[in-house]
């Protein structure tokens, strides 16, 4: 950035300065400190959505998408140069926004504390450009609960918790929303480009936040500040800051690096940029990798997927992330960038221990390559207490090539059963070269019960984890055998 | 009908209007306590020092290192307390303890210019602890004889004789889990000192008067020197009935000592680790049935997990014992209650207040015994309903038992029970890996505080010279729509448009000596008080109007914002508009405001004998829930829920509908999903809450909402003697969710042969359901059972078993005590 350039965010159409803000201050606290107290803190870890606000983000083309994010997780500094809309900016008590109106008249609020966040998540879906296209597709009974006749997908609200209403009136409000009016300013805003990323440098008592302009600068910063926190969507880092009191002397924001935000497909592989958000990856893949399409709706919530990136999910190295098992089954390869250039490491070789990997301190995850062709038979089984936005007790991803009734190739990734995500190698061996029959599956299922070393914890007992490892292949086989998919 | 319950047609009460603050909620304009902090200059932030032991003695506490942290202003310790160092009303809750009683107990508080400085200051405080032996689970407490408070017994009939005479006797055990309130707004107080030493505390509290009382006794002040205000809460659910007081007192103490406003807002993890929750219970029972499945006797011992101090554990236990009958006539009953003292947070009020725990025992009995009796659970439950003239075990005649029947029959009809049962049977016959089931359960819930003195309320109604009306009452708004209902009551009572009435925030200097907004009683009590105040004003206006209309006072009618002559034959004006009437009354020096008061008549309760008529009336309801269970994982979906619930003549149907739906989903969360886990090991973090954040403690999200959700209010349900014929609604619907648990039990059983009986742990998480499915399949328990993994609290208990596998399972007069599982 140009020295002396004003650090600022446009909030509800008004520019507000960021100067004097500590780099560890999150966007929620900053907004509230500005007197915009509509957004609330309910959990400070991106679970409840009471802090949701809208940010103008790229729509994948040349326009803007109003994207709902958890303000509690984002460093305020990361919003430098950006446009934000809060519940206060959508409407006033005298002139309610259509989303606010429907929520109000249908009993969508009781205590009201979660409501501004719900309104923002709902507004993002209200403004989703292809919502109307979805409306035409809706109609089957199976969809009736998850999608409204107006194309509204309930999953848009999966990251918002309400303790009062039981959700029914909120669903009803969502499902009656019409299209934005012709003179709706936020709708019009979508057709022009979002604010470009700006280089940001903000220092305060706890340290410095720096947003690099490109990959080279990011690598230089990383070299100059070994041990710097590398932050993209901040959906994990924000939790560390808020709940664990972690403070980094130097934070490098990489969420807008152009080199990390490409998705490229050739005959060999699909290469997914590490700083694309999961929402963007899902949109740009457009169904090209069916296994990942099974993962996305079960991965945290829409609010989290709007921030979380592929690189971040792999970089944190959590043994219970939902993507690693799928990427292991897809035999993904990590592309690590350093001043020396790129190197590729198979994901199966990437982790060395609990949150430990072969990534050198001077390296960034640039992309993930998924080799083609894909195995045609895939499944992703996530076992958790809650269907929306929960952490897996066990996650199983399977990719099979079944040719002429026999298993030519089997790749199985597991989460939640060891200190790192792992491949179920013994189970793969028990399947490969054998007929895809109930007997084979039964035998392989027994082998799978022995994969990993599951623990007892507050999410599940080891016995349960072992048991559902054992039933996963049976379920896949059952699904494959029954045309109506019963039992899924 | 009493005048209190009578209402005119087309009244403002009964209209389905949105929440009075809805437009403020959706725009973010509604202010909560912490929103006031950023609007207050010079605020100090408070942060606790939390002890890392379940039980320990504080041997040294040195705050000085904290004072070297930039921004830290003061550390509050026991030595600073000018009054009583206690946060409760039973004097068993030291505000600044010298003995740590649970993991995370706050031993002192740091005040600083920023929250960050306060946090760093708290890390700097040096505390030495001498760890002491701890009791963490209820089972440990039972074994150790660690109890607190009274041990009441509720008894009727000849229990022992009834067991001898009965056709069938079963026994069992049940561990049922607690529940975190998880109000979206955590505890928060903002205190400052006004001129003249007057302490003003804004607090997220359901009981401002008690908050005032505790703040006063901690500060050594009289109550008139402390004012507590609550604008609104971001949810309460009982969690802010007793628990806010200590935090308000810390903030107030800090404000008094520093002269600066002090904000104390708990983070989610602090709230989870420091504040009380719904009591978990252990229950042991024996139940006797006759040949037709009629309950003859119940002998039960309920042990609640009270945590480290009494708090509200005694009244919670009393309500549990008073609801162990639910909607069922149990001629011979003995229910013993006791409160375990454990080194955990002090468990407290939570929507239902022991009622859910008591009712879960009898529903568990019926759900487990139905297959053993060979009677369909729907039929078994219905057969045992109270009939007219029968009394509860504590001696209160059950008024309107026909309403329970009406709810039940309506839900069977509108829920298409017959057709759907057939469809479910067909589905189950053709699906090996998924099973469905439909269960119906009733609710009968007593309304009024068991503690008779709390059944009073006050209100203040001002009519200003321009005719506008401002009301204040003793109740607090936590999302339940109480203020909305009070506005409707005032507009109805005064016969003016709703737009003329405004409501001022709840403050202890407006209406004193209020009761907690709790026990579902807010609208009953405060509504009657508001109505009383309005009627006093109308009586005075009546004389003014009579003169203007030229009719006798008794012929004046107030309607449509006017005073009119009843006969229509006024000799004066045809009508007088409200604003004109009020203006004229002012010039005639007529008092235009009034304080209203209400006390519930006819209540009496002997807590020693556990006998009396503690409740004004009973609320009824019935729910039918259909689930689908996946046999591979135990995961399930709630496919459809039908509810018929009795709210009397609803004061505010949209509000009541929201209470029913929300209560049901919250209850389903308690019974299926929400899973409090404490470290029960002997390791260094013994007693620590393992699920101390939103990422580990999961409450229902959109994915848990019933896919089809039909709620109907029981019609023609006027409740005589209650404000405008209405009934309380806050708590009873929570217990409708027992239908979900019973449906899960039945679906799990459907994986086995007909007549399979299964145990189901509570909460019925997918894992618990999975083990129930395994049990039904005859796979037995895994080497690692749920009970072992989860320790005492979650154990599935002892099951009644089929005594004779040859098809004569129910030998007359044979007591079928189940074998232990042998864990």
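Residue numbers (our numbering), protein chains in the order written: chain S, 1 to 488; chain F, 1 to 823.
Note that the Cβ used here is the ideal one computed from N, Cα and C, for glycine as well.
As the structure is a prediction and not an experimental result, all values here were calculated from the model.
C-alpha gap between residue i and residue j, whole angstroms
i: residue 30(S); j: residue 660(F); result: 37 Å
i: residue 421(F); j: residue 368(F); result: 19 Å
i: residue 389(F); j: residue 476(F); result: 37 Å
i: residue 236(S); j: residue 352(F); result: 37 Å
i: residue 207(F); j: residue 551(F); result: 46 Å
i: residue 106(F); j: residue 253(F); result: 15 Å
i: residue 2(F); j: residue 721(F); result: 6 Å
i: residue 743(F); j: residue 372(F); result: 17 Å
i: residue 132(S); j: residue 154(S); result: 15 Å
i: residue 596(F); j: residue 532(F); result: 5 Å
i: residue 488(F); j: residue 36(S); result: 31 Å
CB contact check: residue i to chain S, cutoff 8 Å
i: residue 274(F); result: no
i: residue 468(F); result: no
i: residue 414(F); result: no
i: residue 480(F); result: yes
i: residue 54(F); result: no
i: residue 632(F); result: yes
i: residue 315(F); result: no
i: residue 373(F); result: no
i: residue 125(F); result: no
i: residue 411(F); result: no
i: residue 242(F); result: no
i: residue 567(F); result: no
i: residue 119(F); result: yes
i: residue 665(F); result: yes
Closer than 9 Å at the beta carbon, the chain S residues around residue i
i: residue 675(F); result: 385, 458, 459
Range covered by the alpha helix (DSSP H) that runs through residue i
i: residue 746(F); result: 738-749
i: residue 282(S); result: 278-285
i: residue 152(S); result: It is not in any alpha helix (DSSP H) - residue 152(S) carries neither H nor E in the DSSP assignment.
i: residue 30(S); result: 27-33
Where residue i meets chain S, residues with beta-carbon distance less than 8 Å
i: residue 357(F); result: By Cβ distance, chain S contributes nothing, its closest Cβ being about 20 Å from residue 357(F), past 8 Å.
Continuous beta strand (DSSP E) stretch holding residue i: start and end
i: residue 617(F); result: 617-630
i: residue 313(S); result: Element bounds for residue 313(S): not the beta strand (DSSP E) but the alpha helix (DSSP H), 310-315.
i: residue 446(S); result: First-last for residue 446(S): 438-448, but that is the alpha helix (DSSP H), not the beta strand (DSSP E).
i: residue 337(F); result: 332-340
Close beta carbons around residue i, own chain, < 7 Å, minus the five adjacent residues each side
i: residue 192(F); result: 200, 255, 261
i: residue 94(F); result: 85, 86
i: residue 352(S); result: 358
i: residue 719(F); result: 5, 617, 648, 725, 726, 727
Neighbouring residues, chain F, relative to residue i (Cβ below 9 Å)
i: residue 103(S); result: 22, 25, 26
i: residue 72(S); result: Here the premise fails: no neighbours, minimum Cβ distance about 10 Å.
Within-8 Å CB hit, residue i to chain F
i: residue 87(S); result: yes
i: residue 166(S); result: yes
i: residue 48(S); result: yes
i: residue 483(S); result: Confidence is the limiting factor: at residue 483(S) the pLDDT is only 41, short of 50, which leaves the residue's position unreliable, though a coordinate-based value still follows. It does not: the Cβ of residue 483(S) has no partner Cβ on chain F nearer than 8 Å.
i: residue 350(S); result: no
Within chain F, partners of residue i - CB distance below 8 Å
i: residue 93(S); result: 23, 24, 27, 29
Cut-off 6 Å between Cβ atoms - residues of its own chain near residue i, not counting five sequence neighbours on either side
i: residue 120(F); result: 69
i: residue 729(F); result: 647, 656, 659
Amino acids of chain S, ordered along the chain, whose beta-carbon sits closer than 7 Å to that of residue i
i: residue 32(F); result: 113
i: residue 229(F); result: Chain S residues near residue 229(F): none, gap ~17 Å exceeds 7 Å.
Closer than 7 Å at the beta carbon, the chain F residues around residue i
i: residue 145(S); result: 707
i: residue 471(S); result: 632, 633
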